[in-house]
Amino acid sequence: MIGLTVRQMQYFEALAQTLHFGRAAKLAGVSQPALSAQIAEMEQRLNCRLFERGGKTVRMTEEAQALLPRIERILRDISEVETTARRGRPAMEGRFRLGIIPTVAPYLLPHVLPELKRHFPSLQLELREAVTASLVEDTATGRLDAFIAALPLDQPGLVTEALFADRFFLAVPSGDPAFASPPVPPESPALERLMLLEEGHCLRDQALALCGSVRPVAMASYGATSLTTLLQMVAHGLGVTLIPEMAARPASAMPDLKIVPFQEPMPQRTICLAWRRNKVRHDECVELAKIIRGLDQAVLGV
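Quick note on numbering: the numbering used here labels position 14 of the sequence shown as 1139, and the sequence is numbered without any gaps.
If you want it as structure tokens, here you go:
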């Protein structure tokens, strides 16, 4: 008896998708040595080499290529078994793994979590904050049940449901003469001082799209992993930054910082809930979207 484990098959699938041990380990939520050890044990039990390692490259062998569709089918069948076992149970009960992007999490969660606890006391919510690309990948591979991010999402395997619109403002140093008479036109030369989040954050892409022909020169010198860090930099006169409306109210209380509007029509993003295109958690995701849309938008600041 070969005795392959579900974990080994999941690690095999992750490595087949990424062809990179580090990225596969991140995708599977384990350390790289742990993933490598499980792949090695799988090869030993099958008595064949599955992946060729050469320097920094990883290549699937013919045996692995033949095995991949079978393993994918087994993992799908296991997911269907879980779905069958879940039928008849109340919606939003038990474990639910939700991802959320960093420019939404600190502003939305304080309002969503109490509502979920009030409506669904048996819900065991697990949260993961990450950039959109990671959340898409984790949801597609089943490590997350759903996630909250900004549209558009270029992933045909996902269902998306719009939650609310979130307008963009500009955070500037208080007393900055360049912003003494808002609103700010998108082509304003002052936007050359725009500071951006580091690569991978959707807010960075939205900021660059908003600026149009204005090239932010500060982007070459600064890059932050959080909006909070950028706002601190703005308050100290290092530049300006884009800020979503849901973050504008708490940011306006910071000393030496001012929030100014853009010219109409004000740019905005649409926040959505996304999940895999299957029936495993569909009803629960629809219910979650309903709860979020039912929040007092004035409380959220949007």
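Cβ atoms here follow ideal geometry from the backbone N, Cα and C, with glycine treated the same way. It should be emphasised that the depicted structure is a prediction, and the values quoted were computed from it without experimental measurement.
As assigned by DSSP and simplified to three states, the class of V1365:
The residue labelled residue 1365 in the question sits at position 240 within the sequence shown. Residue state, collapsed to three classes: strand.
Assuming Q1295 and L1367 form a contact by the criterion Cβ under 8 Å, report the distance between their Cβ atoms to the nearest whole angstrom.
For the purposes of this step, residue 1295 is taken as residue 170 along the sequence shown, with counting starting at 1. For the purposes of this step, residue 1367 is taken as residue 242 along the sequence shown, with counting starting at 1. Inspection of the sequence shows that residue 1295 is occupied by Leu rather than by Gln. At roughly 6 Å, the Cβ-Cβ gap stays under 8 Å, so L1295 and L1367 are in contact.
Drop a sphere of 10 angstroms on the beta-carbon of V1229, count the other beta-carbons inside from all chains shown, and report buried for 16 or more, exposed for fewer.
Locating residue 1229 in the sequence shown gives position 104, counting from the first residue. So V1229 counts as buried.
Go ahead and pull the three-state DSSP assignment for A1315.
Reading the sequence shown from its first residue, position 190 is the one you call residue 1315. In the three-state reduction of the DSSP assignment, A1315 falls in the helix class, which pools H, G and I.
Rounded to a whole number of angstroms, what is the C-alpha to C-alpha distance between T1130 and A1373?
The residue you call residue 1130 lines up with position 5 of the sequence shown. The residue you call residue 1373 lines up with position 248 of the sequence shown. Rounded to whole angstroms, T1130 to A1373 spans 49 Å at the Cα level.
DSSP-derived helix/strand/coil call for G1179:
Taking the sequence shown and counting its residues from 1, the one referred to as residue 1179 is at position 54. Three-state result, G1179: strand.
Would you mind sorting R1394 into buried or exposed? The rule is 16 or more other CB atoms within 10 Å of its CB.
In the sequence shown, counting from the first residue as 1, residue 1394 sits at position 269. Burial call: buried.
Given A1414, which residues of its chain have a CB within under 7 Å of its CB, disregarding the five upstream and five downstream residues?
As a working mapping, residue 1414 is identified with position 289 in the sequence shown. Counting only Cβ-Cβ distances below 7 Å, and skipping sequence neighbours, we find E1286, L1288, L1398.
Are three or more beta carbon pairs between the stretch 1239 to 1254 and the stretch 1172 to 1187 nearer than 8 Å?
no
For E1370, count the other beta carbons within 10 Å of its own beta carbon; 16 or more makes it buried, fewer makes it exposed. Which is it?
Within the sequence shown, residue 1370 is the residue found at index 245, counting from 1. Buried, since its Cβ has 16 or more Cβ neighbours within 10 Å.
Thinking C-alpha only, which one of R1402, P1310, I1417, C1410 is nearest Q1388?
Taking the first residue of the sequence shown as position 1, residue 1388 is located at position 263. With distances taken between Cα atoms, Q1388 lies closest to P1310.
Confirm, please, whether the CB-CB distance from L1283 to R1402 is below 8 Å.
Numbered from its first residue, the sequence shown carries residue 1402 at position 277. Numbered from its first residue, the sequence shown carries residue 1283 at position 158. Yes, they are a contact pair.
CB-CB under 6 Å to A1315, same chain, minus the five flanking residues each way: which ones, in chain order?
The sequence position of residue 1315 within the sequence shown is 190, counting from 1. Closer than 6 Å at Cβ, skipping near neighbours: A1303.
Report all residues from its chain with a CB closer than 7 Å to the CB of G1128; omit the five preceding and five following residues, and keep chain order.
Locating residue 1128 in the sequence shown gives position 3, where the first residue counts as 1. Correct list, in chain order: R1170.
If you count every other CB in all the chains shown that lies within 10 Å of the CB of S1156, and 16 or more means buried, which is it?
For the purposes of this step, residue 1156 is identified with residue 31 of the sequence shown, where counting begins at 1. Exposed.
Tell me the residue span of the alpha helix (DSSP H) that contains A1378.
If you number the sequence shown from 1, residue 1378 lands on position 253. Here A1378 belongs to no alpha helix (DSSP H), and DSSP marks it neither H nor E.
Measure the C-alpha to C-alpha separation of L1140 and L1252 and round it to an integer number of angstroms.
For the purposes of this step, residue 1140 is taken as residue 15 along the sequence shown, with counting starting at 1. For the purposes of this step, residue 1252 is taken as residue 127 along the sequence shown, with counting starting at 1. Rounded to the nearest angstrom, the two C-alpha atoms are 24 Å apart.
By the DSSP assignment, the alpha helix (DSSP H) with V1451 in it spans what residues?
The requested residue 1451 does not occur in the structure, where the chain is confined to residues 1126 to 1427.
Determine, using beta carbons only, whether E1503 and I1196 come nearer to each other than 8 Å.
A question about residue 1503 goes unanswered here, because the residues of the chain that appear run from 1126 up to 1427.
Can you tell me the Cα-Cα spacing of I1226 and T1354, whole angstroms?
Within the sequence shown, numbered from 1, the residue matching residue 1226 stands at position 101. Within the sequence shown, numbered from 1, the residue matching residue 1354 stands at position 229. If you take the alpha carbons of I1226 and T1354, they lie about 16 Å apart.
Going along the chain, which unbroken runs of the beta strand (DSSP E) with 3 or more residues stay wholly within the stretch 1184 to 1248?
1219 to 1225
Contact check, A1153 vs Q1135 under 8 Å by CB: the rounded distance?
The residue you call residue 1153 lines up with position 28 of the sequence shown. The residue you call residue 1135 lines up with position 10 of the sequence shown. Contact holds; Cβ gap of about 6 Å.
Would you give the residue range spanned by the beta strand (DSSP E) that A1303 belongs to?
By one-based count along the sequence shown, residue 1303 stands at place 178. Unbroken run through A1303: none, as it is neither H nor E.
Buried/exposed call for D1270, threshold 16 Cβ in 10 Å
If you number the sequence shown from 1, residue 1270 lands on position 145. Buried, because 16 or more other Cβ atoms sit within 10 Å of the Cβ of D1270.
State the DSSP-derived secondary structure class of L1328, mapped to helix, strand or coil.
Taking the first residue of the sequence shown as 1, we reach residue 1328 at position 203. In this structure, L1328 counts as helix in the three-state DSSP scheme.
For R1268, write down the residues that DSSP places opposite it in a beta bridge.
Counting from 1 along the sequence shown, the entry for residue 1268 is found at position 143. None, per the DSSP bridge assignment.
Using only the heavy atoms of the ligand ZN, determine whether one of them is closer than 7 Å to the beta carbon of I1164.
The model on display carries no ligand, and the ligand ZN is accordingly not part of it.
Along the chain, where does the beta strand (DSSP E) containing C1410 start, and where does it finish?
As a position in the sequence shown, residue 1410 is number 285, starting the count at 1. Element bounds for C1410: not the beta strand (DSSP E) but the alpha helix (DSSP H), 1407 to 1418.
Collapsed DSSP secondary structure at Q1393 in the structure displayed
Within the sequence shown, the letter at position 268 stands for residue 1393. Here Q1393 sits in strand by DSSP.
Of all the options R1222, A1290, A1376, V1183, which has the alpha carbon lying nearest to the alpha carbon of L1260?
By one-based count along the sequence shown, residue 1260 stands at place 135. The residue with the shortest Cα to Cα distance from L1260 is R1222.
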